[in-house]
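Chains as they are written, first to last, in the numbering used here: chain A, -1 to 203; chain B, 282 to 485.
Glycine included, each C-beta is placed from N, C-alpha and C at the ideal position.
As the structure is a prediction and not an experimental result, all values here were calculated from the model.
Please read the structure below before turning to the comments.
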Amino acid sequence: MSIGLVLRSPPRDIYRVGAGQAVTSEDLKALMAQVAQARDRAAYGRLFQYFAPRVIGFMVRSGVSATDAEEIAQDTLVTVWRKAELYDPRQAAVSTWIFTIARNLRIDLARRATRQRNGVAALGAPEIGVAESAESATLSDERDAKVREAMTQLSREQATVLRLSFFSEKPHAEIARELGIPLGTVKSRVRLAMAKIRPFLESER
Amino acid sequence: MSLHHPYDDTLARYAAGRLGAGPSLVIATHLAGCAECRARVGLFEAAGGALLEEAPAAAVRPDLFAAALRRIEEIAPPAPPPRHASPLDALALPPWRRIGSGLQWRRLRLDYAPDANVIMLKVAPGGKMPHHTHRGTEYTQILQGAFHDEFGRYVAGDCIEADDEVEHQPLIDSDVDCICLAAFDGRLRLQGFFGRLLQPLLGI
């Protein structure tokens, strides 16, 4: 993919250019570098084009409303611009970094809604919990590629468990349904599947 | 160096942002002191990145990009407050309340999750925690001291997940107070004298 493309009239072109082309992890890193170092709007446009539809798709799949999914996607991509220089390509794939941003924004959105329902002023209330984990996690770039590879080799049960852990509000009930196992035994099956997945992901390092 | 860690499926749900607010607080507290589990969360975040790449590309309203371009021209809002060493440092903790000899507790209020059942318990050396069983899972991070129960010994830094069928009464065997942070994602049933005393106070 050519990354030197100049976008003259966003937003329309951006959805046409590059559609259907394979985008590699290295392409995404090069785009991030252009945004971080040169504040390159064309490169930013390519990142937006690649990630905005996926963040929306991911969120809708997670049960988020279409409106909220769009808001999360826009906030995610604005954060990508603002925090571009904090992204370290040696530590994580661009998609992993952007996943953590979108995930944290989804949590923040839900928490803000709860606060508003309960009349709590959001100002000055520090965010805690999962929002802190992304930057502190020890990420390694090579690991991301290997995790991707390993994920293609999971058994059906392992893949289902992993996927529903991300997308389902009630993972255990859905895992039971999808795999046709009694709810009572789901927990131990999930533990077993995860226990198999993790060393598998790690050993691929 | 902790010996007891959260299960992988719990860390995966945490990495996915799918764990409840109470359990998330306990896990985040554990992660603040456990590099090994931070690395495990990192693995599941990488899996999240892969799932994001695979996600069905939804149609995007054409004005979404224009709106983003407008926003990046604006001055960014001030950065969030600096990160704390432990997520607990970010919370205003209510005072301890004594509920018996050698036993104190406080309930943590999370303004973003008022229904979350999160408590801290402080038990004097030689004391016992309230005898209890669970419905759902109990997530406990030991902040200070040590205890043992029928299943093993647990020290500061350890994280314990106790399931539905577990029935235990931890005994404090450190020479300092044992302080624990605990969250429940189901109903907790307390037994014994302190338990009956605690149950209505907790309202859980």
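Check	Outcome
Residues bridged to Thr421(B) [DSSP beta-bridge criterion]	Ile441(B), Ala463(B)
When Met149(A), Met30(A), Asp38(A) are compared against Pro87(A), the one with the closest alpha-carbon	Met30(A)
Neighbouring residues, chain A, relative to Phe465(B) (Cβ below 8 angstroms)	The contacting residues do not exist; Phe465(B) stays about 16 angstroms from chain A at best.
Distance, Arg175(A) Cα to Lys168(A) Cα	11 angstroms
C-beta atoms of Asp439(B) and Pro406(B) nearer than 8 angstroms	no
Closest Cα partner of Val184(A) within the set Ala171(A), Val53(A), Ala193(A)	Ala171(A)
Segment contact flag, the region 425 to 439 of chain B with the region 338 to 346 of chain B, C-beta cutoff 8 angstroms, min 3 pairs	no
Three-state secondary structure assigned by DSSP to Ala427(B)	strand
Contact set for Trp79(A): own chain, Cβ-Cβ below 7 angstroms, skip 5 residues either direction	Val33, Tyr42
Trp386(B) - DSSP class collapsed to helix/strand/coil	strand
Given Val188(A) as reference, the closest of His286(B), Ala293(B), Leu284(B) once Cα atoms are compared	Ala293(B)
Backbone secondary structure at Tyr393(B) - three-state DSSP	coil
contact_flag[the region 383 to 394 of chain B, the region 414 to 428 of chain B] where n(CB pairs < 8 angstroms) is 3 or more	no
Boundaries (first-last residue) of the alpha helix (DSSP H) holding Arg342(B)	Note, Arg342(B): premise wrong, no alpha helix (DSSP H); not H, not E.
Integer-rounded CB distance, given that Gly329(B) should sit under 8 angstroms from Ala302(B)	Their Cβ separation, rounded to whole angstroms, is 19 angstroms, which puts Ala302(B) and Gly329(B) out of contact at 8 angstroms.
Contact list for Ile105(A) against chain B, beta-carbon separation under 7 angstroms	Gly298
Short CB-CB distance (under 8 angstroms) between Val188(A) and chain B	yes
Cβ pair Phe428(B), Leu452(B) closer than 8 angstroms	yes
Alpha-carbon spacing of Val116(A) relative to Ala397(B), whole angstroms	Per the sequence shown, the amino acid found at residue 116(A) is Asn instead of Val. If you take the alpha carbons of Asn116(A) and Ala397(B), they lie about 14 angstroms apart.
N- and C-terminal bounds of the beta strand (DSSP E) containing Ile400(B)	398 to 404
Residue-level contact to chain B via CB, Leu75(A), 8 angstroms cutoff	yes
Contact with chain A by Val399(B), beta-carbon distance below 8 angstroms	no
At least three beta-carbon pairs within less than 8 angstroms, the region 47 to 58 of chain A to the region 317 to 336 of chain B	yes
Collapsed DSSP secondary structure at Ile453(B) in the structure displayed	strand
Beta-carbon proximity check, Lys409(B) vs Gln450(B), cutoff 8 angstroms	yes
Ala334(B) at chain A interface by Cβ criterion, 8 angstroms	Going by the sequence as given, residue 334(B) is Glu instead of Ala. Closer than 8 angstroms: yes.
Chain A contacts from the region 283 to 307 of chain B (Cβ-Cβ distance under 8 angstroms)	Tyr288, Asp289, Asp290, Ala293, Arg294, Tyr295, Ala296, Ala297, Gly298, Arg299, Leu300, Ala302, Ser305, Leu306
Euclidean distance between Cα positions of Leu384(B) and Leu374(B)	17 angstroms
Contact set between Ile54(A) and chain B, taken where Cβ atoms lie within less than 7 angstroms	Ala339, Val341
Alpha-carbon to alpha-carbon, Ala316(B) and Ala366(B)	13 angstroms
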